[in-house]
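Going from the sequence shown to our numbering is simple: count from 1 and add 18.
Positions of the beta carbon are idealized from the N, C-alpha and C atoms, including for glycine.
In this text, all values refer to a predicted model and were calculated from it rather than measured experimentally.
First the structure, in the form of structure tokens, and then the observations on it.
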Amino acid sequence: MARRRTTYRSKRRSGITLDKYTIGRGFIILGVLYFFAFFMAPTSPILQRFHQASYFIFGKMGTPPFFAVSIIFGVLVLLKGHLISVLTKQFGILMLLISAILNFPLLDDPKGNSYTEEGGYISWPIFYLLEQGFGADNPMAIKGVIITLLVILIIWIFYKFNIPVPIPRLNIRLPEQKSLERRPTSSKSEKTSGKKELSYDAYKAKLEKEQQSDTDETEQGSLLKNIFGGGSARSENSLLKTALKSTLAKSVDDKVHQKTMASISFPKDKPTFGLDLLRRQQGTVEVNHELLAKKAEVVQSKLIEFGVPVSIDGFDIGPSIIQIRVKPEPGIKISTIENLKQDLALATKSKALRIVAPIPGTDCVGIQIPNPKPTMVHLGDVLGSSDFTQTMQKGLMNMTLGKAIDGVNVIKSLEDMPHLLIAGATGSGKSVGVNDFILSLMYQNNPNELKFLMVDPKQVELEMYAGLPYLLAPIVTQSEKALKLLQRAVEEMEVRYTKLAKARVKKLTEYNAKFPDEQLYRIVFVIDELADLMMSGNKKEVENCITRIAQKARAVGIHLIVATQRPSVNVITGLIKANIPTRIAFGVVSQIDSRTILGIKGAEDLLGKGDLLYMDPTTKHPVRVQAPFVDTDEIDSVITSLKRRYMQGLQEEDIYHPEIVRILEAKPESASGQYVGGGNGDDEDLIQQAIEIVLETRKASATLLQRRLGLGFARAARIMDELENRGVVGPQEGAKAREILM
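If you want it as structure tokens, here you go:
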């Protein structure tokens, strides 16, 4: 790592970095300067020098194409940044050939003017070499060779830059229908309608052509037509157009992203960053055996005092917790020991005492008290252990939970979980635990194998990961965009299931093994604060998306890590709990919160600062673990190392999926696909769904929206009033149904 840092510093001292922006802007500025020098040289002494230089190099005829080609190449460099070397090499050749063609009249000049005087020195070498080969008295051969070279160069440029060439084709135009009217049920109306419907292929071709020429002004104009004069047929036409446009755009974005990621070659060696960036434990754990014996004697005497004879069976010494194993005599009820919890805490002078009755797999009861000399557990200790190295040989989705109460490293695979629900009060170490999981996954996978989608409503917990190539989209901080991200994850899940079904495989690993050239990366969806999403007005939609992903996404490699500091039934609903059985509870305030997240009490007795209880379907009782600590400086060091390793020559916008970025940045749209202004931001998605329901059913009432959207009457009535203000439905006229205006 030291050698890598030295190389990095030397690069920074070397001066200006010639990236695509520097070279592209340089070409454009050079072309603009020569443009003004050519037309305004007599009025400026500075531009006069540019004019003299251009006349010397290009001559009278070669100067105008120089600044034109220079500006064009500057724009191409900005658009095609990965072809900088190709552009810079071909610029001189192209100028040489263009200047030579423009100087063809000098070959036939009866006055015998020199190329170096009239045409400039840039075209003189090619004329001189061709005259030596073909002779000065054969100008037609020289012209033919130059034109042939120019045509070959232009064809090569079109091929290299993948520029589409328009090819004329024969189009058979079908008689189009002015409006896609509903097909009448009666046979009489079918006979009277003499117009044929436009075929799907022709309509799709038409939409592709319109998609290239549409502007925002025409979209707003079509909105007025749909609302005030279009009728129901025009709204259906617009809906079909919007659906086809969305499908085409999504297909194009997917292909662009796949092509971009395939062209980026990330280093494949593991691990992805060095452990010297993380702190390690200094020294060994100190054990005061005299203090342990004294604590055990106090526990035993207090239990005997209350008529519960027990014997001391041993100790389990963890980083922050000591467990005293006591073995009750025959005939003693375990509940008797549990009822003496407060008395034992008073006797041992412990601020938090927890009783495990019984210890799983033994005939003992565990009395857990704080370690008077706790030891800090660092992330580097677990990642650098032999246990983690052996676990990496089995899979690359392992997460470091920390060290158990007996000092053993606890490492669990996210692939086996396959989703994780985390809860903990403020200051309990929940955010540090989330960072542990993220860094441990990045430690084992490169950006081609693993991607993250992150939601951070607090805007400070996950923002440090911005700009990493592991991200599939920018970090989302708004609840409305978070819902769009969840919906996009559900769509991706369905698309992947379709691929697996066509390939006749059952899970992602089998698909990647069968198609090594079409590898699908795993996606980890991290939500740092679920409560903010559940209280944003889209609770039902958020719950449905999380539930669908939790139920089905395991086989296609999509995983959820959901965290919240409010483990209440309004946030962690029964539906979410039932579909995410793997849970982690940090310190909580009350037994009610502990029962909400774990189903049992116990989390209210944790010490905080990374002390947690872990439970999954394989463990009937929660396991107490001390989570490793990683501070902000360590995370910054790791992120800097990963960016230096993977982001060389890349910009932040190059790594994001274009379709997801487009979805997140899109303005609210109505059911007809047009922008709709006004309205409450929280209700905008519901209003869009309401418009779709109204157009589908051709009915408009508050009770209908109540049933279809699961809303209260007041909110449904407010949405109906908003639809009336937007011109979607007509006003209420007594007992009559509202008129549909779209």
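Option in the options with minimal Cα separation from residue i
i    : options                   : result
Y461 : F291, F406 and Y664       : F291
A603 : Y529, E512, E479 and L419 : L419
V513 : V747, I545 and A571       : A571
Q386 : K345, G336 and N357       : G336
P492 : V50, E671 and L94         : E671
L459 : P289, I330 and A375       : P289
A422 : V606, A645 and Q669       : A645
K345 : A732, G555 and D331       : D331
P327 : F333, S338, D334 and E315 : E315
K359 : K320, P348 and T393       : K320
P388 : P676, T527, L362 and A375 : L362
L660 : V169, L293, F54 and I89   : L293
K369 : L538, V747 and G626       : G626
Q341 : F91, G425 and F470        : G425
P376 : I758, T354, A573 and H437 : T354
T636 : M665, R601 and D649       : R601
P392 : G384, N306, N427 and S329 : N306
P390 : V374, I678 and L310       : L310
K367 : V317, G592, R343 and L668 : V317
L96  : Y39, L526 and F53         : Y39
M552 : A573, R566, Y632 and P475 : P475
L295 : L51, T658, T527 and I322  : T658
R343 : R372, Q724, K524 and A708 : R372
R642 : N416, L630 and P599       : L630
E3   : G349, I339 and V374       : An answer regarding residue 3 cannot be provided, because it is not within the stretch 19 to 760 covered by the chain.
A596 : V607, Q609, R566 and G605 : R566
I160 : V169, I170, L148 and L168 : L148
V87  : L414, I172, G151 and Q150 : I172
V648 : R298, F731, P157 and F152 : R298
N466 : E347, L538, S329 and I165 : L538
K312 : I339, A365, E742 and Y515 : A365
Per DSSP, cross-strand counterpart(s) of residue i
i    : result
L578 : F543
V747 : I758
I602 : I440 and Y632
G386 : The amino acid occupying residue 386 in the given sequence is Gln; Gly does not appear at that position. According to DSSP, which records beta bridges pairwise, Q386 is partnered with Q341 and R372.
G420 : V428
P346 : V328
CB-CB length for residue i against residue j, believed under 8 Å
i    : j    : result
D546 : L486 : Contact flag wrong, Cβ pair sits at about 16 Å.
L489 : I673 : 7 Å
I590 : T614 : 6 Å
L472 : V494 : Checking the displayed sequence, the identity of residue 472 turns out to be Met instead of Leu. Confirmed, Cβ separation roughly 7 Å.
G44  : I89  : Contact doesn't hold; Cβ gap of about 11 Å is too wide.
D611 : P585 : 5 Å
N530 : P285 : So it is not a contact: roughly 19 Å between Cβ atoms.
Q706 : L727 : Not really, about 11 Å apart at Cβ, beyond 8 Å.
S449 : N427 : About 22 Å separates the two Cβ atoms, so there is no contact after all.
G745 : L759 : 6 Å
A441 : T527 : Not a contact, Cβ separation roughly 31 Å.
A573 : K525 : 5 Å
P640 : L616 : 6 Å
A734 : L723 : 4 Å
Residue i at chain D interface by Cβ criterion, 8 Å
i    : result
L526 : Protein chains in the displayed structure number just one, and chain D is not present.
Legend entry - Start-end ranges of the alpha helix (DSSP H) lying completely within the segment 628 to 694, minimum 4 residues: 650 to 664, 670 to 673 and 676 to 683
Inset, instruction - Would you mind listing the alpha helix (DSSP H) stretches within the segment 458 to 543 that are 4+ residues and don't spill past its ends, in chain order? - result: Runs found: 497 to 521 and 526 to 532.
Legend entry - Inside the segment 288 to 335 only - alpha helix (DSSP H) runs reaching at least 4 residues: The qualifying runs are 307 to 323.
Legend entry - Cβ pair count under 8 Å reaching 3, the segment 442 to 460 against the segment 513 to 520: no
Inset, instruction - Pair every Cβ in the segment 497 to 506 with every Cβ in the segment 425 to 442, then say whether three or more of these pairs are closer than 8 Å. - result: With a cut-off of 8 Å on Cβ pairs, the segment 497 to 506 is not in contact with the segment 425 to 442, counting fewer than three such pairs.
Inset, instruction - Pair every Cβ in the segment 558 to 569 with every Cβ in the segment 390 to 399, then say whether three or more of these pairs are closer than 8 Å. - result: no
Inset, instruction - Please determine if the segment 570 to 588 and the segment 536 to 547 are in contact, where contact requires at least 3 C-beta pairs separated by less than 8 Å. - result: yes
Legend entry - Given 8 Å, three or more beta-carbon pairs between the segment 644 to 657 and the segment 451 to 465: yes
Inset, instruction - Mind the definition here: the segment 712 to 732 touches the segment 527 to 538 only if three or more C-beta pairs lie below 8 Å; say whether that holds. - result: no
Legend entry - Three CB pairs or more closer than 8 Å across the segment 717 to 725 and the segment 734 to 741: Enough Cβ pairs lie closer than 8 Å, so yes.
Legend entry - At least three beta-carbon pairs within less than 8 Å, the segment 407 to 421 to the segment 365 to 384: no
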